[in-house]
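Here the protein sequences line up with chains Y and G, keeping their order.
Mapping to the numbering used here: the first sequence position 150 is 150, numbers consecutive.
Mapping to the numbering used here: the second sequence position 87 is 87, numbers consecutive.
Cβ atoms here follow ideal geometry from the backbone N, Cα and C, with glycine treated the same way.
Quick notes on the structure that follows.
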Amino acid sequence: MNRRVTTAVRMGVREFRRTPVLLALLVFLPAYIIGAFVLLVPDVDVPATIDGTRVAVPMTDFAAAFMTPVTVAILSGIVGLFLVQTSQAADDRLRLAGYTATDLVVSRVGTLGLGIVVVTMASVVVAVFAFTPESTVPFVAATLLVGLTYGILGVVVGIVLGRLGGVYVMLFSPMVDVLLFQNPLATDAPEWTKLLPSHYATNALFDAAFTSSIDVWDFGGAVVYTVGLLVIGVLVFYQATDVE
Amino acid sequence: MSAVHRTLAGIQASTRSFVREPFTVVLLVVLPALSIQIYGIGMGQFPDVGVFAVSGSVATVGRITGAVFATGALAGVLGLFQMISARHADRRLAICGFRGVELVTARFATVAVASAVVSVVATLSLIVLVDDSITAPIATFGGLAIAGAIYGLLGIVVGSVLPRELEGSLLLVILADVDNVFASGLFGIEDSVTQFAPLAHPHAIVTQAVVEGSLATEHLAPALGHLSLFALLSVAAYTYQLESGGDA
Numbered sequence: 001m002n003r004r005v006t007t008a009v010r011m012g013v014r015e016f017r018r019t020p021v022l023l024a025l026l027v028f029l030p031a032y033i034i035g036a037f038v039l040l041v042p043d044v045d046v047p048a049t050i051d052g053t054r055v056a057v058p059m060t061d062f063a064a065a066f067m068t069p070v071t072v073a074i075l076s077g078i079v080g081l082f083l084v085q086t087s088q089a090a091d092d093r094l095r096l097a098g099y100t101a102t103d104l105v106v107s108r109v110g111t112l113g114l115g116i117v118v119v120t121m122a123s124v125v126v127a128v129f130a131f132t133p134e135s136t137v138p139f140v141a142a143t144l145l146v147g148l149t150y151g152i153l154g155v156v157v158g159i160v161l162g163r164l165g166g167v168y169v170m171l172f173s174p175m176v177d178v179l180l181f182q183n184p185l186a187t188d189a190p191e192w193t194k195l196l197p198s199h200y201a202t203n204a205l206f207d208a209a210f211t212s213s214i215d216v217w218d219f220g221g222a223v224v225y226t227v228g229l230l231v232i233g234v235l236v237f238y239q240a241t242d243v244e
Numbered sequence: 001m002s003a004v005h006r007t008l009a010g011i012q013a014s015t016r017s018f019v020r021e022p023f024t025v026v027l028l029v030v031l032p033a034l035s036i037q038i039y040g041i042g043m044g045q046f047p048d049v050g051v052f053a054v055s056g057s058v059a060t061v062g063r064i065t066g067a068v069f070a071t072g073a074l075a076g077v078l079g080l081f082q083m084i085s086a087r088h089a090d091r092r093l094a095i096c097g098f099r100g101v102e103l104v105t106a107r108f109a110t111v112a113v114a115s116a117v118v119s120v121v122a123t124l125s126l127i128v129l130v131d132d133s134i135t136a137p138i139a140t141f142g143g144l145a146i147a148g149a150i151y152g153l154l155g156i157v158v159g160s161v162l163p164r165e166l167e168g169s170l171l172l173v174i175l176a177d178v179d180n181v182f183a184s185g186l187f188g189i190e191d192s193v194t195q196f197a198p199l200a201h202p203h204a205i206v207t208q209a210v211v212e213g214s215l216a217t218e219h220l221a222p223a224l225g226h227l228s229l230f231a232l233l234s235v236a237a238y239t240y241q242l243e244s245g246g247d248a
């Protein structure tokens with residue numbers, strides 16, 4: 001990594017650090033969402049489709065596992081959206097000062113990645129207080145993939161739609177995608193929901209949460225989806241910061 | 001310039017700044033219908049496993065949930081961005097001679113008008129998209145309007161207390177999303193808890209209006225209570241940020 005990139009990432013991290021309210025929210029909000037549901041849902045077993053099989057799981061475990069990707073998707077999406085929005089003016093100046101578009105892309109992806117790691121870690125820590133995933137490392141990896149997917153989506157949506165429009169879209173997207181259409185309680189999910197951003201990552205996450213097996217197909221699909229979105233995001237970002 | 005003219009000028013300027021972004025206006029009109037339809041399809045795929053505290057078919061309650069969520073969330077985000085984008089302008093207007101009450105009235109009236117527009121769009125979308133005919137459209141509109149007003153005011157509170165776009169959006173989005181899940185009955189959480197969720201009572205009013213065709217009088221007072229509480233909080237927060245120079 002060249003010096004320009006490390007400097008830009010360091011500045012991005014410093015900006016995060018200088019806004020303690022943001023850091024507090026990134027830590028508190030996962031505790032609020034996941035914690036609230038774990039504490040409030042009834043103490044019953046619910047039938048869920050895990051790895052293609054209908055099994056009964058305790059509602060509290062289900063709530064902890066299920067609200068983790070919901071939380072990470074919402075927070076990462078909003079962070080991605082505003083990361084680009086707030087850095088756009090600085091990026092244009094850095095471009096004039098000699099940063100290449102690649103330097104900027106790598107810097108912003110790096111900063112976004114760090115933000116998503118913080119959100120993922122905060123969410124996973126809260127979740128594992130409530131239940132123990134059958135396969136912890138794959139559970140964390142799948143959660144991170146959900147975060148990366150929605151973080152990149154937030155970047156793209158922010159550049160294309162602007163702030164207000166972007167917030168509207170990122171307010172609805174994770175709820176619709178993760179909460180409604182990747183919900184293991186559902187028995188009759190339409191085929192097209194497999195095309196939604198979090199399909200493979202949430203499948204991998206639920207497998208990791210409730211089974212000891214790892215579905216390589218789901219992880220592979222999630223990685224391919226994330227990389228595909230990253231390519232789109234990089235192209236859109238290049239376009240948005242093209243000074244020449 | 002009289003007080004009425006100053007207030008009207010404030011409302012006009014706020015509305016104009018919003019209407020100047022046509023894509024946002026399109027979203028405000030399209031998202032309620034989209035949300036209603038998607039929630040209907042989404043919740044329709046859930047079997048009745050005994051954990052959903054809902055009356056009526058799950059798909060219908062899904063559409064109602066989509067309507068309440070869209071109305072509340074759209075009004076809330078609008079209230080938030082109104083406050084954040086107008087802070088500096090309001091301080092300059094105060095220096096120019098606008099009184100605090102005129103500025104408060106202008107901001108609140110803009111959010112109220114936008115909430116009413118979203119509520120009308122959501123009501124019409126529900127009438128078109130719900131399978132059975134809705135025999136209590138006024139009560140449906142009333143419930144949605146209360147949801148929109150509560151979240152519009154919540155947006156003003158968040159925008160005044162936390163006047164930064166990223167942090168304010170994060171907080172509002174999470175509050176709206178969690179509140180909506182509580183209100184929907186999707187996780188079977190007890191009423192003794194969900195009754196404190198701001199969207200719970202408007203959701204119940206809309207549900208009874210759509211499913212039973214009557215006004216849920218027992219939910220009206222708590223819904224208006226929430227509305228009054230957020231009105232008080234928003235006036236206090238707005239006045240504080242105006243007097244403190246906005247650096248709350």
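At a Cβ-Cβ threshold of 8 Å, G:G168 and G:L27 do not count as neighbours.
In this structure, Y:A36 keeps its C-beta atom at 8 Å or more from the C-beta atom of G:V206.
Membership of Y:P58 in the beta strand (DSSP E) is indicated by the continuous run T53 to P58.
In this structure the stretch 197-211 of chain G does not lie against the stretch 188-199 of chain Y, because fewer than three pairs of beta carbons, one per stretch, are closer than 8 Å. Linking Y:T241 to Y:A101 through their CA atoms gives a straight-line distance of about 7 Å. The way I'd put it, the stretch 119-126 of chain Y does touch the stretch 68-81 of chain Y; three or more beta-carbon pairs between them come closer than 8 Å.
Nearest to G:F98 by C-alpha distance, out of G:V235, G:S115 and G:R6, is G:R6.
Scanning chain G for C-beta atoms nearer than 8 Å to the C-beta of Y:M11 yields nothing, as the closest lies near 16 Å away. When DSSP states are grouped into helix, strand and coil, G:I189 belongs to the coil group.
DSSP places Y:P47 in the uninterrupted beta strand (DSSP E) bounded by D45 to I50. Residue contact with chain Y for G:Y240: absent (no Cβ-Cβ distance below 8 Å to any residue of chain Y).
Nearest C-alpha to G:N180 among Y:L22, Y:G220, Y:L171 and Y:A56: Y:L171. Put simply, of Y:V106, Y:A48 and Y:A186 the residue whose alpha carbon is nearest the alpha carbon of G:P47 is Y:A186.
The three-state secondary structure of G:F230, taken from DSSP, is helix. Taking Y:L26 as the centre and dropping the five residues before and after it, the same chain places the C-beta of L75, V118, V119 and A122 closer than 7 Å to its C-beta, in chain order. Nearest CB-CB separation between Y:G35 and chain G: not below the 8 Å threshold.
The C-alpha of G:T217 lies about 24 Å from the C-alpha of G:I36.
If you check each beta-carbon in the stretch 181-213 of chain Y against every beta-carbon of chain G, the ones closer than 9 Å belong to F181, N183, L185, A186, T187, D188, A189, P190 and T193.
Under the Cβ criterion (8 Å, minimum of three pairs), the stretch 208-217 of chain G does not count as touching the stretch 105-113 of chain G. Ranking G:L126, G:Y151 and G:L232 by CA distance to the CA of G:F141 puts G:L126 first. Within the stretch 150-203 of chain G, the complete alpha helix (DSSP H) runs of at least 4 residues fall at 165-184 and 191-194.
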